[in-house]
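Counting from 678, one number per residue, gives the positions in the sequence shown under the working numbering.
Glycine included, each C-beta is placed from N, C-alpha and C at the ideal position.
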Amino acid sequence: MPQRTESGMSRKTFAIRWLAPAILSCFVLSGCLTTNQERPTALAADAAATPQAQGKLDAAYRELLLSHGRRALEMEKYEEAISAYKRILAADPQDPEAAFGMAETMLAAGDFPVALGYYRTLSTNEAFRARAWQGEGLVLLSIGQPRQSGEILRKAVADDVTLWRAWNGLGRTLDIEGKHDEAKNSYDRALALEPGSAAVLNNRGVSNMLAGRYAEAEKDLRDAVSRDRELERARSNLRLVLAWQGRYAEALADVSRIDAPIALNNIGYIAMKRGDLNHAEAYFAQAMQMSPAFYDKADRNLKFLNEMKKLQKVADTKNG
678 MPQRTESGMS
688 RKTFAIRWLA
698 PAILSCFVLS
708 GCLTTNQERP
718 TALAADAAAT
728 PQAQGKLDAA
738 YRELLLSHGR
748 RALEMEKYEE
758 AISAYKRILA
768 ADPQDPEAAF
778 GMAETMLAAG
788 DFPVALGYYR
798 TLSTNEAFRA
808 RAWQGEGLVL
818 LSIGQPRQSG
828 EILRKAVADD
838 VTLWRAWNGL
848 GRTLDIEGKH
858 DEAKNSYDRA
868 LALEPGSAAV
878 LNNRGVSNML
888 AGRYAEAEKD
898 LRDAVSRDRE
908 LERARSNLRL
918 VLAWQGRYAE
928 ALADVSRIDA
938 PIALNNIGYI
948 AMKRGDLNHA
958 EAYFAQAMQM
968 SPAFYDKADR
978 NLKFLNEMKK
988 LQKVADTKNG
């Protein structure tokens with residue numbers, strides 16, 4: 678059983694959290710923006726604005742707007758989706774389908790406060806409450822409230838076991854708590870509902886890595902990369918799990934020059950945690966040479982490594 682820190686997490690989990698990028702960024706939440714990290718303030722203002730009142734919509738026109746909003750969301754055309762849903766809400770501010778569509782759009786666009794407001798208006802609607810709890814839980818997780826997120830996501834899956842995004846998010850909250858076996862079960866549930874999801878495969882791979890199940894982690898992450906070539910997080914995580922197995926050269930084989938300093942520092946840190954101090958020193962030095970901007974991080978790691986070497990030498994002398 679892995680040793681645990683005072684906070685209750687395993688030492689391996691604690692160690693990986695100090696990699697760059699941080700472990701939280703290793704996960705993927707389906708339905709959330711993962712490429713553009715700037716908040717879409719113009720979209721938020723448009724979505725949050727009170728729609729101008731209009732007359733009752735024809736049922737067929739309403740259905741057309743809902744369909745257009747869903748398709749626009751799938752295509753990441755958020756302004757189009759917001760426009761469609763606002764037309765419906767202008768005619769009926771209580772329309773649950775339009776409110777849910779607006780919530781999903783803002784979650785995908787990365788504007789979490791607005792999304793949260795719309796989700797919470799649906800929490801008492803029997804037809805939408807489970808999906809609204811799912812969305813609320815994902816928002817809370819995205820803004821750094823994993824405990825509250827876990828509580829809401831458990832409500833969601835208790836009400837509707839088919840919500841694979843809720844299972845995926847719940848797995849992430851459990852990983853943050855260091856409950857990797859329970860997290861794996863949640864990811865398994867998500868994959869049973871959404872087979873082949875690159876996002877879930879990535880997350881289960883990270884979970885397996887945190888638990889020290891490196892062979893399983895490698896398989897999941899390779900599957901994630903093969904299913905979504907643009908999922909750079911899975912590729913980065915695969916490098917980490919290869920490094921935990923001592924396969925450093927393989928881990929660095931396809932790293933671009935831009936990403937190399939971060940990769941070298943991360944792999945050097947893993948080598949240091951594995952007790953492979955010579956490799957660690959070499960990778961930290963390379964990271965410092967390649968990026969002056971990355972100098973401080975690698976330099977701190979290198980100084981820590983040298984202290985470890987001195988302590989090891991003293992220990993070897995005493996044991997000898």
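Secondary structure of residue 798, DSSP reduced to three states: For the purposes of this step, residue 798 is identified with residue 121 of the sequence shown, where counting begins at 1. It is helical.
Residue 938 burial status per 10 Å Cβ neighbour count (16 or more: buried): Translated into the one-based positions of the sequence shown, residue 938 becomes position 261. By the 10 Å Cβ count, residue 938 comes out buried.
Straight-line gap, residue 796 to residue 814 (C-alpha atoms, nearest Å): On the sequence shown, position 119 is the one that residue 796 refers to. On the sequence shown, position 137 is the one that residue 814 refers to. Using only the alpha carbons, I get a separation of about 10 Å.
Buried or exposed by the 16-neighbour rule on C-beta atoms within 10 Å, applied to residue 738: Indexing the sequence shown from 1 puts residue 738 at position 61. Flag for residue 738 reads exposed.
Boundaries of the alpha helix (DSSP H) in which residue 924 is found, first to last residue: Position 247 of the sequence shown, counting from 1, holds the residue named residue 924. It is not in any alpha helix (DSSP H) - residue 924 carries neither H nor E in the DSSP assignment.
Touching by the beta-carbon criterion (3+ pairs, under 8 Å), the stretch 749 to 757 and the stretch 767 to 774: no
Alpha-carbon spacing of residue 966 relative to residue 909, whole angstroms: Numbered from its first residue, the sequence shown carries residue 966 at position 289. Numbered from its first residue, the sequence shown carries residue 909 at position 232. Their backbone Cα atoms lie some 24 Å apart in a straight line.
Cα-Cα separation, residue 980 to residue 791: In the sequence shown, residue 980 corresponds to position 303, counting from 1. In the sequence shown, residue 791 corresponds to position 114, counting from 1. Answer to the nearest angstrom: the Cα atoms are 45 Å apart.
First through last residue of the alpha helix (DSSP H) which encompasses residue 842: Locating residue 842 in the sequence shown gives position 165, counting from the first residue. Note, residue 842: alpha helix (DSSP H), 841 to 853.
Backbone CA spacing between residue 929 and residue 880 [nearest angstrom]: Stepping through the sequence shown from its first residue, residue 929 is reached at position 252. Stepping through the sequence shown from its first residue, residue 880 is reached at position 203. Cα to Cα, residue 929 sits roughly 21 Å from residue 880.
Boundaries of the alpha helix (DSSP H) in which residue 887 is found, first to last residue: Walking along the sequence shown from the start, residue 887 turns up at place 210. Per DSSP, residue 887 belongs to the alpha helix (DSSP H) from 875 to 887.
Continuous alpha helix (DSSP H) stretch holding residue 892: start and end: The count along the sequence shown starts at 1 and reaches residue 892 at position 215. Where residue 892 is concerned, the enclosing alpha helix (DSSP H) stretches over 891 to 904.
Residue 771 (DSSP reduced to helix, strand or coil): Position 94 of the sequence shown holds residue 771. Three-state result, residue 771: coil.
Separation of residue 983 from residue 830, as counted between CA atoms: Taking the first residue of the sequence shown as position 1, residue 830 is located at position 153. Taking the first residue of the sequence shown as position 1, residue 983 is located at position 306. Taking the straight line joining both Cα atoms gives about 45 Å.
Beta-carbon spacing of residue 800, residue 806 below 7 Å: For this step, residue 800 is matched to residue 123 along the sequence shown. For this step, residue 806 is matched to residue 129 along the sequence shown. Contact flag set, yes.
Through-space distance from residue 736 to residue 970, alpha-carbon basis: In the sequence shown, residue 970 corresponds to position 293, counting from 1. In the sequence shown, residue 736 corresponds to position 59, counting from 1. Distance between the alpha carbons of residue 970 and residue 736: 58 Å.
Integer-rounded CB distance, given that residue 890 should sit under 8 Å from residue 902: The sequence position of residue 902 within the sequence shown is 225, counting from 1. The sequence position of residue 890 within the sequence shown is 213, counting from 1. So it is not a contact: roughly 18 Å between Cβ atoms.
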